[in-house]
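**Student:** Got a structure for you, questions after.
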Amino acid sequence: MNRTLILCAHGAESSRGRGALAGLVNAVRREAQDLDVVDAFVDVQQPTIAEIVAETSGPRAIVPLMLSYDKPVSVDIVQASHLDPAVTVTPPLGPDWVLAEVGVRRLFEAGARSHDTIVLAADTTTDDRAIADIGKAARLLSAVWGGRVHVGTLGGPDTPLADAVDVARAYGQRVVVSTYLLTPGDVHDHIAAAGADVVTEPLLDGGPPDARIVSLVLARARSRGAWMPTGGDPGPRLAHQ
């Protein structure tokens with residue numbers, strides 16, 4: 001019997017967002033034929049993560065398709081994992097060097113130039129750990145891009161995105177927003193309306209997913225402790241990087 005890989009995401013309202021998520025799940029499924037790959041959601045779309053855990057059996061790893069720590073989502077996923085001791089939860093996708101590399105690819109695709117001022121834009125972020133993750137994502141993007149990266153969010157204690165764009169204009173160059181979102185949708189529309197000269201597409205833009213993101217998902221799934229070893233302790237565990 002194949003082991004089960006559960007890819008858990010926020011549901012998407014838009015058809016583009018749903019298509020982008022489905023494209024990633026299908027790409028992972030093609031690359032991991034030794035695994036039964038299923039998707040689950042914490043909101044908006046069905047089935048829920050609790051339903052999938054209840055409907056599946058055997059060793060299972062849940063990979064949160066999140067770019068930073070999300071406390072409510074983490075609680076839902078961990079609670080679902082406690083339904084069965086054979087379920088483990090891996091770290092989320094981000095922040096990670098791979099996402100920074102794809103982010104730079106999106107910058108080039110959008111026509112960003114070396115002298116532009118870059119602002120990494122994220123959704124509303126209120127939890128201290130999530131804020132730290134967004135800051136780390138900006139530092140990784142800066143290292144790969146080779147220049148300073150500012151941070152702006154749509155809500156929370158961090159700098160509001162519109163203010164971050166205004167501050168970036170003080171450098172006298174074009175302002176390019178690097179979208180730190182997994183999928184397109186309303187949040188990306190709000191980011192695009194913040195006044196930057198150029199806004200990149202999300203990491204999943206509706207086309208075939210970048211092979212590096214597919215590999216990152218599988219790396220999380222196969223990270224240390226993500227699968228229960230045969231004959232090992234059946235108690236629930238959280239996988240660590």
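Numbering (UniProt numbering), first residue to last: 1 to 241.
The beta-carbon is built from N, C-alpha and C at its ideal position, and this holds for glycine as well.
All values derive from a computational prediction rather than experimental measurement.
In the DSSP assignment, what are the bridge partners of residue 7?
**Tutor:** Translated into the one-based positions of the sequence shown, residue 7 becomes position 7. BP columns for residue 7 point to 39 and 63.
**Student:** Helix, strand or coil for residue 19 per DSSP?
**Tutor:** Within the sequence shown, the letter at position 19 stands for residue 19. Residue 19: helix per DSSP, three-state reduction.
**Student:** Could you check what DSSP says for residue 181 in three-state terms: helix, strand or coil?
**Tutor:** One-based indexing of the sequence shown puts residue 181 at position 181. It is coil, neither helix nor strand.
**Student:** Take every Cβ of the stretch 97-112, pair it with every Cβ of the stretch 188-204, and state whether three or more of those distances are shorter than 8 Å.
**Tutor:** Output reads yes: the stretch 188-204 touches the stretch 97-112.
**Student:** Could you pull out every residue in the same chain whose Cβ sits closer than 6 Å to the Cβ of residue 36, ignoring the five residues on either side in sequence?
**Tutor:** In the sequence shown, the residue the question calls residue 36 occupies position 36. Excluding residues within five positions, the ones whose Cβ falls inside 6 Å are 2 and 4.
**Student:** Output needed for residue 92: all residues of its chain with C-beta closer than 6 Å, excluding positions within five of it in sequence on either side, in chain order.
**Tutor:** Here residue 92 refers to the residue found at position 92 when the sequence shown is read from its first residue. For residue 92, where only same-chain residues beyond five positions count, the Cβ hits under 6 Å are 64 and 66.
**Student:** Could you give the first and the last residue of the continuous beta strand (DSSP E) run that contains residue 12?
**Tutor:** Position 12 of the sequence shown holds residue 12. Neither: residue 12 is in no beta strand (DSSP E) and is coded neither H nor E.
**Student:** Name, in chain order, the residues that DSSP records as bridge partners for residue 160.
**Tutor:** Position 160 of the sequence shown holds residue 160. Bridge partners of residue 160: 153.
**Student:** Per the contact definition of three or more C-beta pairs closer than 8 Å, is the stretch 147-160 in contact with the stretch 130-138?
**Tutor:** Result yes; three or more Cβ-Cβ pairs closer than 8 Å.
**Student:** Have a look at the DSSP bridge pairing and note the partners of residue 48.
**Tutor:** What you label residue 48 is simply residue 48 of the sequence shown in a count that begins at 1. Answer is 41.
**Student:** With a 10 Å radius around its C-beta and 16 neighbouring C-beta atoms as the bar for buried, classify residue 75 as buried or exposed.
**Tutor:** Numbered from its first residue, the sequence shown carries residue 75 at position 75. Classification for residue 75: exposed.
**Student:** What ranges does the beta strand (DSSP E) occupy inside the stretch 85-145, keeping only unbroken runs of at least 3 residues that lie completely in it?
**Tutor:** 87-89 and 117-122, all fully within the stretch 85-145.
**Student:** What's the gap between the Cα of residue 94 and the Cα of residue 68?
**Tutor:** In the sequence shown, counting from the first residue as 1, residue 94 sits at position 94. In the sequence shown, counting from the first residue as 1, residue 68 sits at position 68. So the alpha carbons of these two residues sit roughly 5 Å apart.
**Student:** Just confirm the distance between the C-beta atoms of residue 121 and residue 62, as a whole number of angstroms; I'd bet it's less than 8 Å.
**Tutor:** Your numbering for residue 121 matches position 121 in the sequence shown. Your numbering for residue 62 matches position 62 in the sequence shown. Not really, about 27 Å apart at Cβ, beyond 8 Å.
**Student:** What residue range does the alpha helix (DSSP H) around residue 192 cover?
**Tutor:** For the purposes of this step, residue 192 is taken as the residue at position 192 of the sequence shown. Looking at the DSSP string, the run of the alpha helix (DSSP H) that includes residue 192 is 186-192.
**Student:** Buried or exposed for residue 54, please, with buried defined as at least 16 other CB atoms from any protein chain shown within 10 angstroms of its CB.
**Tutor:** In the sequence shown, counting from the first residue as 1, residue 54 sits at position 54. That one is exposed.
**Student:** Suppose you measure from the CA of residue 186 to the CA of residue 52; what does that come to, to the nearest Å?
**Tutor:** Start at 1 with the first residue of the sequence shown, and residue 186 comes out as number 186. Start at 1 with the first residue of the sequence shown, and residue 52 comes out as number 52. Each residue's alpha carbon lies about 27 Å from the other.
**Student:** Do you know offhand how far residue 175's Cα is from residue 31's?
**Tutor:** Taking the first residue of the sequence shown as 1, we reach residue 175 at position 175. Taking the first residue of the sequence shown as 1, we reach residue 31 at position 31. C-alpha separation (whole angstroms): 37 Å.
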